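Heads up, the thing below is written out as structure tokens.
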Amino acid sequence: MANLSSVADVVIDPSGTFKYILIQATDPASKNSKLIVRGFASCGYHADILDQVKSVESRDVKFKCLGGGRIKHEPASKSLFVYGYSQGFGQADHQKSVDILKTKYPDYSISFSNEGY
Numbered sequence: 014m015a016n017l018s019s020v021a022d023v024v025i026d027p028s029g030t031f032k033y034i035l036i037q038a039t040d041p042a043s044k045n046s047k048l049i050v051r052g053f054a055s056c057g058y059h060a061d062i063l064d065q066v067k068s069v070e071s072r073d074v075k076f077k078c079l080g081g082g083r084i085k086h087e088p089a090s091k092s093l094f095v096y097g098y099s100q101g102f103g104q105a106d107h108q109k110s111v112d113i114l115k116t117k118y119p120d121y122s123i124s125f126s127n128e129g130y
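Okay, so the sequence shown: first residue is 14 according to this note's numbering, each after it adds one.
Okay, here's the thing in structure tokens:
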């Protein structure tokens with residue numbers, strides 16, 4: 014899992030509301046995989062996030078988008094709200110995304126809704 018250990022579980026913008034995707038990262042050599050969350054306001058489309066991940070992360074890891082949505086990140090109130098869906102990739106499993114976000118933001122209030130866009 015050496016290749017996967019170099020891939021952070023969560024990389025999102027420090028504040029604001031932005032698109033995010035839930036990604037399955039797989040090491041083809043060992044067949045091990047893990048779920049990661051990425052979200053950036055600079056990306057106009059969910060597919061742009063996946064393209065950015067593929068260009069920045071380890072070349073030895075394969076990345077597959079499992080769905081998307083939006084994250085509202087309010088650092089002042091230590092809250093994250095996950096909601097919505099991606100028109101191109103469908104809705105991510107927001108509960109799984111929240112569980113992953115809690116590993117990086119254990120002192121935050123993190124919730125989700127399957128409603129909204």
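Note that the Cβ used here is the ideal one computed from N, Cα and C, for glycine as well.
If you're wondering where the values come from, they're calculated on a predicted model, not measured in any experiment.
* To do: Leaving out five residues on either side along the sequence, give the residues of the same chain with a beta carbon under 7 Å from the beta carbon of P41.
  => In the sequence shown, counting from the first residue as 1, residue 41 sits at position 28. Contacts found: K75.
* Asked: So what does DSSP say about K117, is it helix, strand or coil?
  -> The count along the sequence shown starts at 1 and reaches residue 117 at position 104. K117 falls in the helix class under three-state DSSP.
* Local Cβ density within 10 Å of A153, reported as buried at 16 or more and exposed below that -> Here the chain comprises residues numbered 14 to 130, so residue 153 is not present and cannot be evaluated.
* Asked: Between S68 and D61, what straight-line distance do the alpha-carbon atoms span, to the nearest angstrom?
  -> Counting from one through the sequence shown, the residue named residue 68 turns up at place 55. Counting from one through the sequence shown, the residue named residue 61 turns up at place 48. Answer to the nearest angstrom: the Cα atoms are 11 Å apart.
* Exposed unless 16 or more other CB atoms sit within 10 angstroms - verdict on A89 -> In the sequence shown, residue 89 corresponds to position 76, counting from 1. Per the 10 Å Cβ criterion, exposed.
* Beta-carbon contacts of G29 that lie in its chain and below 7 Å, excluding the five residues immediately before and after -> Working through the sequence shown from its first residue, we reach residue 29 at position 16. Correct list, in chain order: A54 and H86.
* S126 - DSSP class collapsed to helix/strand/coil -> Start at 1 with the first residue of the sequence shown, and residue 126 comes out as number 113. S126 falls in the coil class under three-state DSSP.
* **Segment limits, beta strand (DSSP E) that includes A38** => The residue given as residue 38 occupies position 25 in the sequence shown. Segment G29 to T39, the beta strand (DSSP E) holding A38.
* Can you list, in chain order, the residues of its chain whose CB lies under 7 Å from that of R83, leaving out five sequence neighbours each side? -> The residue you call residue 83 lines up with position 70 of the sequence shown. Excluding sequence neighbours, R83 sits near T30, F31, K32, Y33, Y96 and G97.
* Cα separation between Q104 and S126? -> In the sequence shown, counting from the first residue as 1, residue 104 sits at position 91. In the sequence shown, counting from the first residue as 1, residue 126 sits at position 113. The straight-line gap from Cα to Cα measures roughly 11 Å.
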